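Each remark here refers to the structure printed beneath this line.
Number of protein chains: 2
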Amino acid sequence: MSYAKPSCKIIYLNNDDEEIDVLRKHSLEGKLVVRLKNGDPYVFGRGGKICLTLKEEGIECEVIPGVSSVNSVPAYAGIPLTFPKISDMITIVSGITDGGKLFDFQKIPEKGTLVILMPGKRLEEISKGLIAKRNPSEKVAVIERGTYIDQRVSLVKLKELSELKLSSPSMLVIGDVVKLRNFLWKLS
Amino acid sequence: MSYAKPSCKIIYLNNDDEEIDVLRKHSLEGKLVVRLKNGDPYVFGRGGKICLTLKEEGIECEVIPGVSSVNSVPAYAGIPLTFPKISDMITIVSGITDGGKLFDFQKIPEKGTLVILMPGKRLEEISKGLIAKRNPSEKVAVIERGTYIDQRVSLVKLKELSELKLSSPSMLVIGDVVKLRNFLWKLS
Chain B
66 MSYAKPSCKI
76 IYLNNDDEEI
86 DVLRKHSLEG
96 KLVVRLKNGD
106 PYVFGRGGKI
116 CLTLKEEGIE
126 CEVIPGVSSV
136 NSVPAYAGIP
146 LTFPKISDMI
156 TIVSGITDGG
166 KLFDFQKIPE
176 KGTLVILMPG
186 KRLEEISKGL
196 IAKRNPSEKV
206 AVIERGTYID
216 QRVSLVKLKE
226 LSELKLSSPS
236 MLVIGDVVKL
246 RNFLWKLS
Chain S
66 MSYAKPSCKI
76 IYLNNDDEEI
86 DVLRKHSLEG
96 KLVVRLKNGD
106 PYVFGRGGKI
116 CLTLKEEGIE
126 CEVIPGVSSV
136 NSVPAYAGIP
146 LTFPKISDMI
156 TIVSGITDGG
166 KLFDFQKIPE
176 KGTLVILMPG
186 KRLEEISKGL
196 IAKRNPSEKV
206 AVIERGTYID
216 QRVSLVKLKE
226 LSELKLSSPS
236 MLVIGDVVKL
246 RNFLWKLS
């Protein structure tokens, strides 16, 4: 926020429901409006929905891509998402879904890197679904509060996952790349 | 590069093979060395390999995550990678592989968003492999020179893909999110 010009009006939003209304109101007053968000607006973010709604009303939108937690959080925890001869495919899903129905476990590949964003509230359901598709002894990196000062990373077996209680925000990374953390993580 | 202090020595590398040697040499001279790259070093980049090699030799490394072409190029072309009720899963693979063997088409999900980085040189092989897993009439966004001034985006059917000749760098985005481009792309 410190980069904003002194002439900018800064509005903090308490919930996402009001964001389209606030964007519309100030745009229609002829203002240049910036909605600044964590992460990337088009990777499990609300960017698509916001832009589609506004454009249908004739309000121009432009999306500036950001650094998604999908790559930044594993990187900070010492986990590359791909690595020669270890993983050449990344699959990304989220535990927070529109309408409440979880992603289709049948579509999850049996091998390769799997990133699950925000698994916290559906952890038991996610663990159960994953065990049907992946090796129950496979290593899972559980990253809580990734990149924050109080980040916590645990390596557990997939079958042990359901017993955990996670701090928010959290992320799971599953696949053989997880083992590279032991070599790549920089103790600070 | 304009952010570098005047006291920095700037070295341009012509090929990736020399990068580990250059990093090692200057690190062992006690310098702080930054390897500045396009995109994210841990998403189909050489970051993992570089860090693993240097750390095995006792040289500390830290990875600063970047904005990957995986999300920035589709965003700039007006394509969100996920969208409520349209796609809740992203799969990412690359046409450039270590050792020459392409990713396993059997692992590609039949639905959801599929991003294929650098398909150019293997386009015929990729098209053929994909048609075995996905609907041949499915829309594919072919993004050539994404985010550059001479960016070109074409929407074709999967079965038409093999006929194309692509400029480098290129990317394919496959799945129903591709159709959103018609509503979200900002003509500039």
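Residue numbers (this note's numbering), protein chains in the order written: chain B, 66 to 253; chain S, 66 to 253.
Don't be surprised by glycine CBs; every beta carbon is placed ideally from N, CA and C.
In this text the structure is predicted, and so the values were computed from the model without any measurement.
Integer-rounded CB distance, given that residue j should sit under 8 Å from residue i
i	j	result
residue 146 (chain S)	residue 207 (chain B)	At roughly 24 Å, the Cβ-Cβ gap does not stay under 8 Å, so residue 146 (chain S) and residue 207 (chain B) are not in contact.
residue 115 (chain S)	residue 85 (chain S)	6 Å
residue 144 (chain B)	residue 238 (chain B)	6 Å
residue 245 (chain S)	residue 113 (chain B)	6 Å
residue 142 (chain B)	residue 218 (chain B)	5 Å
residue 198 (chain B)	residue 225 (chain B)	Between residue 225 (chain B) and residue 198 (chain B) the Cβ distance is about 17 Å, and since that is not below 8 Å, they are no contact.
residue 249 (chain B)	residue 74 (chain S)	Not confirmed; about 27 Å, so no contact.
residue 179 (chain S)	residue 173 (chain S)	6 Å
residue 223 (chain S)	residue 200 (chain S)	7 Å
Best match in the options for proximity to residue i [C-alpha to C-alpha]
i	options	result
residue 96 (chain S)	S:139, S:117, S:125 and S:141	S:125
residue 101 (chain S)	S:230, S:88 and S:121	S:88
residue 215 (chain S)	S:231, S:226, S:205 and S:222	S:231
residue 228 (chain S)	S:193, S:246, S:251 and S:112	S:193
residue 150 (chain B)	S:76, S:201, S:198 and S:111	S:111
residue 138 (chain S)	S:123, S:104, S:120 and S:204	S:104
residue 205 (chain B)	B:92, B:165, B:242 and B:190	B:242
residue 247 (chain S)	B:117, B:94, B:67 and B:77	B:117
residue 69 (chain B)	B:99, B:91, B:93 and B:90	B:99
residue 236 (chain B)	B:93, B:67 and B:133	B:133
residue 106 (chain B)	B:92, B:90 and B:131	B:131
residue 190 (chain S)	S:177, S:203, S:169 and S:202	S:169
residue 251 (chain B)	S:91, S:185, S:127 and S:234	S:127
residue 163 (chain B)	S:196, S:164, S:148 and S:66	S:148
residue 186 (chain B)	B:92, B:165 and B:94	B:165
residue 234 (chain S)	S:196, S:71 and S:188	S:188
Short CB-CB distance (under 8 Å) between residue i and chain S
i	result
residue 249 (chain B)	yes
residue 113 (chain B)	yes
residue 236 (chain B)	no
residue 162 (chain B)	yes
residue 105 (chain B)	yes
residue 185 (chain B)	no
residue 211 (chain B)	no
residue 254 (chain B)	The structure shown has nothing for residue 254 (chain B), since chain B only spans 66 to 253.
residue 84 (chain B)	no
residue 120 (chain B)	yes
residue 128 (chain B)	yes
residue 88 (chain B)	no
residue 244 (chain B)	no
residue 188 (chain B)	no
residue 233 (chain B)	no
According to DSSP, residues forming a beta bridge with residue i
i	result
residue 101 (chain S)	Paired residue(s): none; residue 101 (chain S) is not in a bridge.
residue 142 (chain B)	Answer by DSSP bridge pairing: none, since residue 142 (chain B) is not bridged.
residue 222 (chain S)	S:204
residue 209 (chain B)	B:217 and B:235
residue 148 (chain B)	B:152
residue 178 (chain S)	S:155
Closer than 8 Å to chain B by CB, residue i
i	result
residue 131 (chain S)	yes
residue 155 (chain S)	yes
residue 172 (chain S)	yes
residue 145 (chain S)	yes
residue 101 (chain S)	no
residue 222 (chain S)	no
residue 123 (chain S)	no
residue 68 (chain S)	no
residue 71 (chain S)	no
residue 177 (chain S)	yes
inquiry  = Tell me whether the stretch 158-175 of chain B and the stretch 147-159 of chain S touch, counting them as touching only if at least three CB pairs, one residue from each stretch, are closer than 8 Å.
reply    = By the criterion of at least three beta-carbon pairs nearer than 8 Å, the stretch 158-175 of chain B is in contact with the stretch 147-159 of chain S.
> Hey, is the stretch 209-220 of chain B in contact with the stretch 73-84 of chain S, meaning 3+ C-beta pairs nearer than 8 Å?
Replying inline: No, because fewer than three Cβ pairs between the stretch 209-220 of chain B and the stretch 73-84 of chain S fall closer than 8 Å, the two stretches do not touch.
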